[in-house]
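K.L.:
Residue numbers (the numbering used here), protein chains in the order written: chain A, 5 to 426; chain B, 5 to 426.
(1) Between the region 60-88 of chain B and chain A, which residues of the former have CB atoms less than 9 Å from a CB of the latter, in chain order?
(2) Among A:418, A:289 and A:354, which residue has its Cα nearest to the Cα of residue 136 of chain A?
(3) Quick one: which chain A residues come within Cβ less than 8 Å of residue 120 of chain B?
(4) Tell me, which residues are paired with residue 279 of chain A by DSSP?
(5) For residue 236 of chain A, report the span of its alpha helix (DSSP H) as first-last.
(6) I want to see whether chain A comes within less than 9 Å of residue 352 of chain B, judged by CB atoms only; does it?
(7) Measuring only between beta-carbons, confirm whether residue 290 of chain A sits less than 9 Å from chain B.
(8) Can you tell me which residues form a DSSP beta bridge with residue 345 of chain A?
(9) For chain A, find out if any of its Cβ atoms is closer than 9 Å to the Cβ of residue 336 of chain B; answer yes or no.
(10) Helix or strand or just coil, what does DSSP make of residue 290 of chain A?
(11) Just the Cα atoms here: how many angstroms apart are residue 187 of chain B and residue 285 of chain B?
(12) Answer yes or no: do residue 147 of chain A and residue 197 of chain A have a C-beta to C-beta separation smaller than 9 Å?
(13) In the DSSP assignment, what are the bridge partners of residue 149 of chain A?
(14) I'd like to know whether the C-beta of residue 200 of chain A is nearer than 9 Å to at least one C-beta of chain B.
(15) At 7 Å on the CB atoms, spell out the chain B contacts of residue 98 of chain A, in chain order.
(16) Can you pull out the residues from the region 8-23 of chain A whose beta carbon lies closer than 7 Å to at least one beta carbon of chain B?
(17) Closer than 9 Å, CB to CB, is residue 136 of chain A near chain B or not?
(18) Does residue 342 of chain A pass the burial test, meaning 16 or more other C-beta atoms within 10 Å, or should it be called exposed?
(19) Nearest chain A C-beta to residue 125 of chain B closer than 9 Å, yes or no?
(20) Inspect the beta-carbon positions of residue 82 of chain B and residue 417 of chain B and report whether they are closer than 9 Å.
(21) Along the region 162-180 of chain B, what residues have a CB closer than 8 Å to any CB found in chain A?
(22) To which residues does DSSP link residue 191 of chain A through a beta bridge?
(23) Do you know how far the Cα of residue 11 of chain B is from the Cα of residue 419 of chain B?
(24) Interface residues of chain B around residue 380 of chain A at Cβ under 8 Å?
(25) Among B:404, B:246 and B:349, which one has its Cα closest to the Cα of residue 372 of chain B?
(26) Taking only three categories from DSSP, how would you classify residue 420 of chain B?
(27) I want to see whether chain B comes within less than 9 Å of residue 239 of chain A, judged by CB atoms only; does it?
(28) Nearest CA to the CA of residue 212 of chain B: which residue from B:195, B:407, B:347 and B:233?
(29) What did DSSP end up calling residue 199 of chain B once you bin it into helix, strand or coil?
(30) Is the shortest distance between the beta-carbon of residue 418 of chain A and the beta-carbons of chain B less than 9 Å?
(31) Figure out for me which residue from B:234, B:246, B:272 and B:32 has the closest Cα to the Cα of residue 122 of chain B.
(32) Going by other Cβ atoms of all chains shown within 10 Å of its Cβ, with 16 needed for buried, is residue 422 of chain B buried or exposed?
(33) Residues of the region 133-160 of chain A with a CB closer than 7 Å to any CB of chain B: list them in chain order, please.
(34) Can you pull the chain A residues whose beta carbon is under 8 Å from the beta carbon of residue 55 of chain B, in chain order?
(35) May I ask you to list the residues that DSSP assigns as paired with residue 64 of chain A?
(36) Are the C-beta of residue 295 of chain B and some C-beta of chain A separated by less than 9 Å?
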């Protein structure tokens with residue numbers, strides 16, 4: 005395989021120390037067991053759309069820390085706003101004035117939002133949405149699309165270890181974009197239906213991204229209206245990458261609640277629930293809190309991030325770069341001779357699937373080849389662009405994907421990548 | 005009532021704006037509805053053991069942001085370590101090397117810890133402890149002391165709105181320090197017992213702090229050993245204020261898991277679960293994650309905080325100041341003529357209860373009087389000291405409590421504070 009050899013001495017030493025004091029060497033989604041063994045685990049430094057691992061290997065980044073970095077790492081305006089607030093205080097005996105600025109800005113920016121509550125994790129926000137919907141309706145059942153990721157709390161985690169039956173006793177599932185499946189779940193819920201939570205499009209690990217069918221979105225809205233249930237949009241992953249506002253605004257479908265995190269403060273830990281006036285009282289009745297939930301630094305970062313996004317230029321840059329990347333990748337795909345592949349998803353959150361790749365051998369080989377050509381992306385999870393991805397970054401990324409596609413194509417031709425797990 | 009009049013013009017204007025865009029004007033435990041209407045809601049600036057509200061009113065602080073500030077607000081060494089890491093990166097595609105430094109330091113510092121996993125909220129840590137205990141045992145039931153606060157997730161929140169039956173289906177409750185009550189709960193759990201979670205001492209809102217009975221702690225340990233269940237110490241609130249290590253180390257009772265947050269990074273958002281080797285595999289099997297859980301800045305702050313605490317001087321300063329405050333308050337209490345009161349709890353987390361105060365009128369009047377004399381403390385929640393509380397701060401605090409005790413004593417004598425809610 006061509007490309008640059010990656011040095012791993014420092015990383016290997018850190019991994020050995022980590023294995024001694026952290027179960028499995030690292031928790032969660034960034035563990036390289038979910039990428040490939042070739043992906044670097046420890047990061048030394050990040051800037052804009054690039055980062056350097058602890059061994060000095062430099063990469064163009066297509067993951068944006070799994071979403072948070074929407075303006076690029078170490079954005080000067082965001083970091084400056086955060087530092088200015090930090091010189092006054094962060095976690096204090098009450099919120100700083102920036103709390104009000106931020107909640108006003110969220111309400112101005114997101115059409116369906118009349119109010120906001122802030123937290124720290126995306127899971128804080130999705131969990132709060134469920135609880136608020138239940139408080140508002142006095143009912144328990146929440147419907148979710150099967151396979152959609154809504155967080156790592158026991159009710160939501162994709163891994164069953166330690167989850168009790170009670171954690172999911174009031175949940176039921178339907179297939180995304182499948183009206184009959186949704187209507188059957190609504191029928192099963194009967195008069196217990198409290199709400200429906202859904203992601204803006206179908207972004208499930210290891211399979212093609214899939215746009216929401218606008219008619220399906222309207223069906224969810226109509227059904228919730230008819231049943232007095234709460235429609236919840238989980239915008240944690242997509243938020244501000246499809247629109248400077250709610251992700252379904254272009255569809256004309258307004259949720260009652262939406263959950264936000266990731267990109268809201270360009271990497272500073274923050275989450276939000278925003279909602280409609282009718283749910284204000286329910287939101288007030290639920291005890292939503294944490295030791296750091298009035299921390300002012302992340303709020304100042306969020307205000308700066310939102311102000312930049314609202315100006316428009318950064319969002320246009322990110323989208324234009326996504327278009328450029330999409331066109332380049334589609335051209336590269338069309339030149340493949342021995343395998344087929346498909347670009348899927350919105351241009352700011354793309355993912356590529358290969359045909360005959362049920363075991364993910366081809367996309368993993370592609371990801372490793374990209375890595376050796378200086379581009380970091382994930383073999384199973386959708387990728388992310390930021391406003392720091394300019395033409396130069398995209399063209400460098402495309403040089404890497406071109407080499408990677410060629411190598412995968414050649415490997416398929418030579419029988420080194422066969423379809424093993426349909 | 006004597007003391008300084010508090011100006012509230014700026015705060016009132018912010019509160020009006022907040023009420024429009026935040027349900028109830030603010031979420032969570034810092035809402036002044038849980039203090040008194042006289043307590044300031046919005047903070048302009050904090051430093052050391054003091055803060056200034058948005059109207060320019062200055063206070064000596066006995067809440068430490070409800071615990072996080074153990075070295076004082078804006079500690080120079082901690083903030084410097086955080087800034088240095090921030091110049092490299094915070095939320096990135098993987099952890100920074102400081103992850104390993106911090107987990108090693110936690111394992112060195114906490115006797116029962118063989119490994120650590122990090123999160124953002126105290127609730128992240130307590131929830132993870134439950135899930136790990138269940139994964140380890142293959143059983144579901146967790147026993148909790150009635151009234152103990154373990155977080156704001158649906159399984160833990162003290163407020164019932166939006167909580168489902170399933171959220172608590174695998175929980176049962178006993179009375180803190182009551183062996184018979186605990187043994188009855190163990191009996192009810194039978195072969196479903198996965199674990200027991202308990203706070204290091206009984207710190208329940210609005211009532212006297214109560215030390216753990218060492219024999220009760222040993223009973224929990226013996227019972228968990230006999231039943232193959234997991235003993236979980238919730239050290240989120242107490243951690244590093246009773247000991248530079250686990251809070252039960254002086255008792256010689258080692259939990260299998262403990263949950264940490266609040267003071268671990270001197271106000272930077274961080275939480276940790278630490279555990280024994282026997283639970284390493286279970287911890288690895290549970291999907292513990294969040295978008296910001298590898299954020300390096302809070303980890304760098306935690307390393308700096310722990311290094312300072314491990315040097316010993318800061319912990320000694322905090323404890324000595326707590327002793328000084330306790331002696332002063334006890335002397336003031338002994339001089340009361342018309343009401344009785346009692347200092348309770350560890351010296352770094354004190355709380356005062358008045359006799360005949362079931363409705364909390366006296367402690368609320370005391371808190372408001374303190375406020376007018378320049379001291380911020382909570383009428384229902386335990387207070388916190390930090391290493392920034394030096395003799396000058398404590399003596400100024402004692403001047404305020406002296407005036408407040410006098411005023412409450414006079415008010416009781418004049419019949420203005422009567423016992424209304426036994």
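Beta carbons: idealized from backbone N, C-alpha and C, even for Gly.
P.N.:
Let me spell this out:
(1) Along the region 60-88 of chain B, going in chain order, the ones with a CB nearer than 9 Å to a CB of chain A are 63, 65, 67, 68, 69, 70, 71, 72, 73, 77, 78, 83, 86 and 87.
(2) Reading the first chain from its first residue, position 132 is the one you call residue 136 of chain A. Minimum Cα distance to residue 136 of chain A is reached at A:289.
(3) Translated into positions along the second chain, residue 120 of chain B becomes position 116. Result: 25 and 26.
(4) Looking up residue 279 of chain A in the first chain gives position 275. As DSSP reads the structure, residue 279 of chain A sits in a beta bridge with A:119 and A:261.
(5) Stepping through the first chain from its first residue, residue 236 of chain A is reached at position 232. From DSSP, residue 236 of chain A is part of no alpha helix (DSSP H) but of the beta strand (DSSP E) over 234-238.
(6) Counting from 1 along the second chain, the entry for residue 352 of chain B is found at position 348. Not closer than 9 Å to any Cβ of chain A, the Cβ of residue 352 of chain B fails to qualify, so no.
(7) Within the first chain, the letter at position 286 stands for residue 290 of chain A. Answer yes: the Cβ-Cβ gap between residue 290 of chain A and chain B drops below 9 Å somewhere.
(8) Locating residue 345 of chain A in the first chain gives position 341, counting from the first residue. Residue 345 of chain A pairs with A:358.
(9) Against the second chain, residue 336 of chain B aligns to sequence position 332. Taking Cβ atoms only, chain A never reaches closer than 9 Å to residue 336 of chain B, which makes this a no.
(10) To locate residue 290 of chain A, count along the first chain from 1; it is residue 286. Looking at residue 290 of chain A - three-state DSSP - the assignment turns out to be coil, as it is neither helix nor strand.
(11) Along the second chain, one-based indexing puts residue 187 of chain B at 183. Along the second chain, one-based indexing puts residue 285 of chain B at 281. Distance between the alpha carbons of residue 187 of chain B and residue 285 of chain B: 29 Å.
(12) Residue mapping note: residue 147 of chain A aligns to position 143 of the first chain, counting from 1. Residue mapping note: residue 197 of chain A aligns to position 193 of the first chain, counting from 1. Contact: yes.
(13) Locating residue 149 of chain A in the first chain gives position 145, counting from the first residue. Bridge partners of residue 149 of chain A: A:178.
(14) If you number the first chain from 1, residue 200 of chain A lands on position 196. No, its Cβ sits nowhere closer than 9 Å to a Cβ of chain B.
(15) The residue you call residue 98 of chain A lines up with position 94 of the first chain. By Cβ distance, chain B contributes 34, 44, 45, 46 and 47.
(16) If the cut-off is 7 Å between Cβ atoms, the region 8-23 of chain A has 18, 21 and 22 near chain B.
(17) Residue numbering aside, residue 136 of chain A sits at position 132 when the first chain is read from its first letter. For residue 136 of chain A, the answer is yes, since a Cβ of chain B falls inside 9 Å of its Cβ.
(18) Here residue 342 of chain A corresponds to residue number 338 of the first chain, with the count starting at 1. Residue 342 of chain A is exposed by the Cβ-count criterion.
(19) Walking along the second chain from the start, residue 125 of chain B turns up at place 121. For residue 125 of chain B, the nearest CB of chain A lies under 9 Å from its own CB, placing it at the interface with that chain.
(20) In the second chain, counting from the first residue as 1, residue 82 of chain B sits at position 78. In the second chain, counting from the first residue as 1, residue 417 of chain B sits at position 413. At the C-beta level, residue 82 of chain B and residue 417 of chain B stay beyond 9 Å of one another.
(21) For the region 162-180 of chain B, which is checked against every Cβ of chain A, the residues closer than 8 Å are 162, 163, 165, 166, 167, 168, 169, 170, 171, 172, 173 and 174.
(22) Translated into the one-based positions of the first chain, residue 191 of chain A becomes position 187. Note: residue 191 of chain A sits in no beta bridge, so no partner.
(23) Start at 1 with the first residue of the second chain, and residue 419 of chain B comes out as number 415. Start at 1 with the first residue of the second chain, and residue 11 of chain B comes out as number 7. Answer to the nearest angstrom: the Cα atoms are 28 Å apart.
(24) Translated into positions along the first chain, residue 380 of chain A becomes position 376. Residue 380 of chain A reaches chain B at 97, counting residues in chain order whose Cβ is nearer than 8 Å.
(25) On the second chain, residue 372 of chain B is found 368 positions in, with the first residue counted as 1. Closest by alpha carbon: B:404.
(26) In the second chain, residue 420 of chain B corresponds to position 416, counting from 1. Residue state, collapsed to three classes: coil.
(27) Working through the first chain from its first residue, we reach residue 239 of chain A at position 235. With its beta carbon at least 9 Å from every one in chain B, residue 239 of chain A lies outside the interface.
(28) Within the second chain, residue 212 of chain B is the residue found at index 208, counting from 1. The candidate whose alpha carbon is nearest that of residue 212 of chain B is B:347.
(29) On the second chain, residue 199 of chain B is found 195 positions in, with the first residue counted as 1. Looking at residue 199 of chain B - three-state DSSP - the assignment turns out to be strand.
(30) Translated into the one-based positions of the first chain, residue 418 of chain A becomes position 414. Not an interface residue.
(31) Numbered from 1 along the second chain, position 118 holds the residue referred to as residue 122 of chain B. Ranking B:234, B:246, B:272 and B:32 by Cα distance to residue 122 of chain B puts B:272 first.
(32) Start at 1 with the first residue of the second chain, and residue 422 of chain B comes out as number 418. Exposed is the call here.
(33) Listed by position, the residues of the region 133-160 of chain A near chain B (Cβ gap below 7 Å) are 135, 136, 138, 139, 144, 156, 157 and 158.
(34) By one-based count along the second chain, residue 55 of chain B stands at place 51. The answer, in chain order, is 93, 96 and 97.
(35) Within the first chain, the letter at position 60 stands for residue 64 of chain A. According to DSSP, residue 64 of chain A shares a beta bridge with A:54 and A:379.
(36) Position 291 of the second chain, counted from the start, is the residue given in the question as residue 295 of chain B. At a cut-off of 9 Å between beta-carbon atoms, residue 295 of chain B makes contact with chain A.
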